[in-house]
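Asks: Remember, my numbering sits 1 above the position in the sequence shown when you count from 1.
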Amino acid sequence: MLIWSRKGRTAAGALAVTLFAGFFFLPLAVILMSSLSQQWNGLLPSGFTLGHFVNAFRGAAWDALFSSLIVGFCASLFALLCGMWAALSLRQYGAKLQKYLGLMFYLPGAIPSVSVGLGILVA
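(1) Under a three-way DSSP split, which group does residue 49 fall into?
(2) Would you report the Cα separation of residue 112 and residue 8, rounded to the nearest angstrom?
(3) Need the endpoints of the alpha helix (DSSP H) that residue 68 sits in, please.
(4) Between residue 20 and residue 36, what straight-line distance do the alpha-carbon atoms span, to the nearest angstrom?
(5) Is residue 39 closer than 9 Å to residue 52 when the C-beta atoms are compared?
(6) Could you compute how far the alpha carbon of residue 75 sits from the alpha carbon of residue 109?
(7) Less than 8 Å between the CB atoms is what I'm expecting for residue 80 and residue 105, so what's the real figure, rounded?
(8) Give the range of the beta strand (DSSP E) segment to which residue 38 is assigned.
(9) From the DSSP output, in three-state form, read off residue 58 for me.
Take a look at the structure:
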């Protein structure tokens, strides 16, 4: 019954935080070490380089970055306008539109699942 004592709860909380931090930060540390190394043959990487970052931000990568930013901005603006329209409509018309707009609120969660399912079906 150690877990029910104050000391047991503190130990269990510390263990949970340590496990969470380990599972969260260990993959990030491995990715960072991999991106900064020239080769990774053994337990630890060998050589230090920033060449991967230099190659990533040359030429076509900038075009892709700006295209992604433009598409993301336009999608966010469209979602904002649709959300404002839905909120104002619900405020003005209330219960009359609520059953129809309720479906629209579930669509952003349902459409990705349907798209993935159709993609798997077609492939």
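Backbone N, C-alpha and C define an ideal beta-carbon position, used for all residues, glycine too.
Replies: This is what the structure gives:
(1) Strand at residue 49.
(2) 48 Å
(3) Looking at the DSSP string, the run of the alpha helix (DSSP H) that includes residue 68 is 61-94.
(4) 25 Å
(5) yes
(6) 16 Å
(7) Residue 80 to residue 105, Cβ: 12 Å. No contact.
(8) 38-40
(9) coil
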